[in-house]
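Those protein sequence lines, which keep their order, are chains A, B, C and D. Per the numbering used here, residue 138 is the first one in the first sequence, and the count goes up by one each step. Per the numbering used here, residue 138 is the first one in the second sequence, and the count goes up by one each step. Per the numbering used here, residue 138 is the first one in the third sequence, and the count goes up by one each step. Per the numbering used here, residue 138 is the first one in the fourth sequence, and the count goes up by one each step. Each residue gets a CB set at the ideal place from its N, CA and C atoms; glycine is no exception. Predicted, not measured: the structure shown is a model, and the values here were computed from it. Report on the following structure.
4 protein chains.
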Amino acid sequence: MKASYINDLEAWKSEFSFYIPITIRFSETDMFGHVNNVSPFIYFEEARIAYMRSCGLFTDLKGNEGIPVVADLHCDYHKPLYFGDSVQLFVKTDEVGNSSFDLHYMALNQHGDICLTGRGRLVYVNATTGQPIPLDEESKEKLLGD
Amino acid sequence: MKASYINDLEAWKSEFSFYIPITIRFSETDMFGHVNNVSPFIYFEEARIAYMRSCGLFTDLKGNEGIPVVADLHCDYHKPLYFGDSVQLFVKTDEVGNSSFDLHYMALNQHGDICLTGRGRLVYVNATTGQPIPLDEESKEKLLGD
Amino acid sequence: MKASYINDLEAWKSEFSFYIPITIRFSETDMFGHVNNVSPFIYFEEARIAYMRSCGLFTDLKGNEGIPVVADLHCDYHKPLYFGDSVQLFVKTDEVGNSSFDLHYMALNQHGDICLTGRGRLVYVNATTGQPIPLDEESKEKLLGD
Amino acid sequence: MKASYINDLEAWKSEFSFYIPITIRFSETDMFGHVNNVSPFIYFEEARIAYMRSCGLFTDLKGNEGIPVVADLHCDYHKPLYFGDSVQLFVKTDEVGNSSFDLHYMALNQHGDICLTGRGRLVYVNATTGQPIPLDEESKEKLLGD
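So, in C-alpha cells, the structure goes:
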C-alpha cells in the first residue's frame with residue numbers, strides 16, 4: 138500500500154479513533170459495477186464535517202465567524218467499494234499550522250480491508266473576505282487532542 | 138407512451154423549440170449500466186435554468202429580487218440513457234399562473250427516441266421571506282412567447 | 138398540502154410505518170442555502186431499496202433473476218431541507234399490479250414537518266431483455282403486507 | 138501557487154493543449170455559494186475520458202479488453218468556481234509507465250485564472266481479473282504524443 142503521506146502503515150493506521158459509518162448510495166455506483174471514484178470525496182466531506190463538529194469546531198456553518206475551506210484533497214483507491222458494503226470512514230488530524238490543518242482519512246470495508254486512504258489541507262478563512270484567520274489555541278488543542 | 142401531463146403526444150412534442158445539449162457524465166451512470174434515475178433531474182435543472190435565462194428571466198440567481206423555487210417535479214422514464222449518448226433536452230412553458238408556472242421537459246437521444254418526459258411547477262418567491270411574488274406581465278409574456 | 142396522489146392527508150400519512158434515517162450531505166446543498174431539488178430523488182432511491190429489501194424482495198441487485206426499474210418518479214417539495222436536519226424518509230406500497238407497483242414517499246424533518254412527499258412506479262423486468270416479469274404471489278403479499 | 142506535482146508553473150502550464158469546456162451545474166454548487174469541492178473530480182473524470190478518447194484509447198468502456206482504473210486523484214483548489222463560470226479543463230499526460238500513466242489537470246475560468254490543478258494515476262487492468270495489463274507501444278505513443 139503506497140501513499141505519499143503514509144510512512145509506516147501500521148503506525149499511521151493506529152492513530153485513528155474517530156470514524157463515521159458511510160451508507161453507500163446506489164446512485165454512487167457507476168457502470169463499472171462499483172462505487173464511482175468521485176464518491177469517496179463525498180464521504181470524506183461528510184466525515185470531515187462530523188469530525189470537526191466532534192472537536193467542537195466549525196459548528197457555525199453559516200460562516201459568521203469563519204469557515205474551513207478545502208485547499209487540497211488527495212485520495213488513493215486501494216480496493217473497490219461495492220453497493221451494500223458497510224464502510225467505516227476514519228478521520229484524524231495530521232498537522233496543525235497557524236490557520237490551516239491537515240486531515241487524514243481511511244475507509245475500511247466490512248472485512249477490515251483498507252479500501253481508501255486520503256488526506257487534505259483545510260484553511261480557516263473569513264467567509265466574507267476569504268482571508269485566512271489564525272486558529273486560536275483552544276481550536277488547535279481540540280484538533281490535536283483526539 | 139403514457140404520462141398524465143400528455144394528451145396528444147405529437148401535438149405536445151411539436152410545441153417544443155428550446156433545447157440544450159446534455160453531456161452525460163460517467164459518474165451519472167450506475168451499476169445497472171445506464172444513466173441512474175436521479176440524473177434526469179440534474180439535466181432538467183440545467184435545462185430549466187438555461188430556458189429561463191433565454192426568456193430573460195431570473196438572471197439574478199443571487200436572489201436579490203426573487204428566485205424561482207421548485208414546487209414539484211415529475212419524470213417518466215421511457216428508454217434508458219447510456220454513457221456516450223447525445224441528448225437534446227427540450228423545455229417549454231405549459232401554463233403560467235399568478236406567481237407560478239409549469240414547465241415541461243422532453244429528452245431525445247441521438248436516434249430521436251424520446252427517452253424522458255417530465256414536468257414541474259416553479260413558484261417565484263421572495264428569497265428572504267419565501268412568500269410568492271406575482272409575475273409581472275412582461276415575464277408572463279416571455280414565458281409564453283416562445 | 139396538495140399532491141395529486143394524496144386524497145386524505147391524515148389517512149395517507151397514517152399508512153406509513155417503514156422508514157430510514159437520511160443523512161443530508163453537505164454536497165447535496167446548493168447556493169440557495171438548502172438541499173438541492175435533485176437530492177430527494179437520491180433519498181427516495183436509498184429508501185426504496187431499503188424498503189424492498191425489508192420486504193425480502195430484489196435482494197439480488199446483480200439482476201440474475203429480475204430487477205426493479207423505475208418507470209416514473211414524482212416529488213412535491215413542501216418545506217426546504219437544510220444541512221444538519223434529521224430526516225426520516227417513509228416508504229409504503231400504494232398499489233400492486235401484475236408486474237409493477239407504486240411506492241409512496243414522505244420525508245419528515247426533526248420537527249415532524251412534512252418536507253417532501255412523492256410517489257413512483259417500479260416495473261419488475263428481466264435484466265437482459267428489459268421485458269416485464271410478472272410478480273409472484275409471495276412478492277405481492279410482501280409488498281402489501283406491511 | 139503550490140502543488141507538489143508542479144515545479145515550474147509556466148512550463149507546466151504551457152504543456153497543456155487538450156481541453157474540454159465544462160458546464161457547471163446548479164446542483165454542483167453548495168450552501169457556501171460556490172462549486173462544491175467534490176465537483177472538480179466529476180469534471181476531471183469527464184475530461185479524462187474525453188482526453189483518452191482523443192488519444193484513441195479506451196474507447197471500449199464495456200471493458201472487453203481492458204479498462205483504465207483510477208489509482209489516485211489529487212486536486213488543489215486555487216480559486217473558487219461559481220455557477221455560470223465558463224471553465225476550460227485541460228488534461229495532459231505527465232508520465233507513462235508499463236501499465237499505468239499519470240494525467241495532469243488544470244481548470245481555467247473565463248478570466249484565464251487557474252482555479253484548479255490536479256493529477257492522478259490510472260492503471261490499465263483486465264476488467265474481469267483486475268490484474269494490470271501492459272500498455273502497448275502504440276498506446277504509449279498516443280499518450281505521449283500530444
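What's the call for residue i, buried or exposed, on a 16-neighbour Cβ count within 10 Å?
i, result
"C/A184", "buried"
"A/S276", "buried"
"A/K229", "buried"
"D/N174", "buried"
"A/T166", "buried"
"D/G282", "exposed"
Check whether the Cβ atoms of residue i and residue j sit closer than 8 Å, and answer yes or no.
i, j, result
"B/D213", "B/G255", "yes"
"A/P205", "A/L259", "yes"
"C/E182", "A/S164", "yes"
"C/L253", "C/H215", "yes"
"B/V172", "B/I161", "yes"
"C/M168", "C/I251", "no"
Considering Cα atoms alone, identify which of the options is closest to residue i.
i, options, result
"B/V224", "B/M138, B/G282, B/I159, B/A140", "B/I159"
"B/F227", "B/Y180, B/S236, B/I161", "B/Y180"
"B/G249", "B/N174, B/D222, B/G170", "B/D222"
"B/S237", "B/I251, B/L245, B/L272", "B/L272"
"C/P269", "C/N144, C/I251, C/G234, C/L281", "C/G234"
"C/K150", "C/G203, C/D231, C/L281", "C/D231"
"A/F146", "A/M243, A/F220, A/E278", "First, the residue type needs correcting, since residue 146 of chain A is Leu and not Phe in the sequence shown. Closest option to A/L146, Cα to Cα, is A/M243."
"D/L280", "D/Y219, D/F195, D/A148", "D/F195"
"A/F220", "A/N246, A/E278, A/N144, A/E202", "A/N246"
With residue i and residue j assumed to form a contact (beta carbons below 8 Å), what rounded beta-carbon distance in angstroms separates them?
i, j, result
"D/G170", "D/V207", "Not confirmed; about 29 Å, so no contact."
"C/H241", "C/Y156", "With a Cβ gap of about 12 Å, C/H241 and C/Y156 do not count as contacting."
"C/F178", "B/F178", "5 Å"
For residue i, verify whether its CB is less than 7 Å away from any heavy atom of the ligand GTP.
i, result
"A/F178", "Among the ligands in the structure shown, none appear at all, so the ligand GTP cannot be discussed."
Determine contact between the segment 184-195 of chain C and the segment 263-270 of chain C, defined as no fewer than three beta-carbon pairs at a distance below 8 Å.
no
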